[in-house]
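**Student:** In my numbering, the protein residues as written are 10 to 251.
Backbone N, C-alpha and C define an ideal beta-carbon position, used for all residues, glycine too.
Since the model is a prediction, treat every value here as computed from it, not as a measurement.
My questions will all concern the structure given below.
Structure, rendered in structure tokens:
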């Protein structure tokens, strides 16, 4: 289970509700919508954390309750926090709000929550990056660009079979603040991509890297593709390298 907040004392108004919910597994009882919303309304983070742990432990039986919390993330930050505490189960339902199912605020809150979940959140974002929802794909790419765990996932998707996935991945790579020379070399391979948009974004991303990017691009001056040679020459020229 996830750790509870430091203040773990249960206030009197919450104790009865907490007892009922925390015995759900034994009694095969899950909180009703009203009970769960009541948990959100109470100023009792220890209660919310414990209920989140129980909902995570309930597995598929608590799918409705997790979806209910997800429906409230745009209006109540506490709902997002409860889902964060649920680990993979919470991440999966947060991901449903990254795309067309979520409004703009819900999408942003889902992104922030998944980022706060570290490796679990990054793995979930990667799943959405290769999913069918184009809105979720772009939001996932944007979040992975600023995630401490995102770069390996983006590098992995640079050669995905779908052009739009590659476009999102290389666009996100242009927003990553620190890439290694090895990362830049992998990125430079996209200068020969069949998609002109991918090629253009790759050149832009490499240009942002200064000397590291210029060195990687220089390897592609010997490309057998004339369009790649021209693109590299123009990019290097803009950097004052040719």
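Measuring only the C-alpha atoms, how far is residue 242 from residue 230?
**Tutor:** The residue given as residue 242 occupies position 233 in the chain shown. The residue given as residue 230 occupies position 221 in the chain shown. Computed Cα separation, rounded: 7 Å.
**Student:** Considering Cα atoms alone, identify which of 221, 119, 220 and 197 is closest to residue 240.
**Tutor:** The residue you call residue 240 lines up with position 231 of the chain shown. Cα-wise, what sits closest to residue 240 is 197.
**Student:** Would you give the residue range spanned by the alpha helix (DSSP H) that residue 82 belongs to?
**Tutor:** In the chain shown, residue 82 corresponds to position 73, counting from 1. Looking at the DSSP string, residue 82 is not in any alpha helix (DSSP H), and its letter there is neither H nor E.
**Student:** Relative to the C-alpha of residue 84, which candidate in 220, 226, 46 and 133 has its C-alpha closest?
**Tutor:** Numbered from 1 along the chain shown, position 75 holds the residue referred to as residue 84. Checked all of 220, 226, 46 and 133; the closest Cα to residue 84 is 46.
**Student:** When the Cα atoms are used, what is the spatial distance from residue 133 to residue 123?
**Tutor:** Locating residue 133 in the chain shown gives position 124, counting from the first residue. Locating residue 123 in the chain shown gives position 114, counting from the first residue. So the two alpha carbons sit approximately 8 Å from each other.
**Student:** Cβ of residue 78 within 8 Å of Cβ of residue 65?
**Tutor:** Position 69 of the chain shown, counting from 1, holds the residue named residue 78. Position 56 of the chain shown, counting from 1, holds the residue named residue 65. Cβ atoms of residue 78 and residue 65: not closer than 8 Å.
**Student:** Return the chain-ordered list of same chain residues with a C-beta closer than 6 Å to the C-beta of residue 156, the five sequence neighbours on each side being excluded.
**Tutor:** Walking along the chain shown from the start, residue 156 turns up at place 147. These residues qualify, in order along the chain: 124 and 131.
**Student:** Suppose the cutoff is 6 Å on Cβ atoms and the five residues either side in sequence are ignored; what does the same chain contact list for residue 139 look like?
**Tutor:** Residue numbering aside, residue 139 sits at position 130 when the chain shown is read from its first letter. Correct list, in chain order: 174.
**Student:** So which of 206, 117, 72 and 169 has the shortest CA-CA distance to residue 99?
**Tutor:** Counting from 1 along the chain shown, the entry for residue 99 is found at position 90. Measuring from the Cα of residue 99, the nearest candidate turns out to be 72.
**Student:** Tell me whether residue 125 sits in a helix, a strand or coil according to DSSP, three-state version.
**Tutor:** The sequence position of residue 125 within the chain shown is 116, counting from 1. Helix at residue 125.
**Student:** Out of curiosity, what's the CA-to-CA distance linking residue 52 and residue 201?
**Tutor:** Along the chain shown, one-based indexing puts residue 52 at 43. Along the chain shown, one-based indexing puts residue 201 at 192. Their backbone Cα atoms lie some 56 Å apart in a straight line.
**Student:** How should residue 163 be labelled, buried or exposed, when 16 other C-beta atoms within 10 angstroms of its C-beta is the threshold for buried?
**Tutor:** Taking the first residue of the chain shown as 1, we reach residue 163 at position 154. Counting Cβ neighbours within 10 Å, residue 163 comes out buried, since at least 16 surround it.
**Student:** Just to confirm, is the Cβ distance from residue 106 to residue 82 under 8 Å?
**Tutor:** Stepping through the chain shown from its first residue, residue 106 is reached at position 97. Stepping through the chain shown from its first residue, residue 82 is reached at position 73. Cβ atoms of residue 106 and residue 82: closer than 8 Å.
**Student:** Could you work out which residue in 94, 232 and 120 is closest to residue 59 when comparing CA atoms only?
**Tutor:** Counting from one through the chain shown, the residue named residue 59 turns up at place 50. For the residues 94, 232 and 120, the minimum Cα distance to residue 59 belongs to 94.
**Student:** State the CB to CB distance for the pair residue 217 and residue 247, rounded to an integer number of angstroms; the pair is presumed to be in contact (CB under 8 Å).
**Tutor:** Looking up residue 217 in the chain shown gives position 208. Looking up residue 247 in the chain shown gives position 238. Going by Cβ atoms, the distance from residue 217 to residue 247 rounds to 11 Å, so no, they are not a contact pair.
**Student:** In whole angstroms, what separates the C-alpha of residue 91 from that of residue 143?
**Tutor:** By one-based count along the chain shown, residue 91 stands at place 82. By one-based count along the chain shown, residue 143 stands at place 134. Using only the alpha carbons, I get a separation of about 27 Å.
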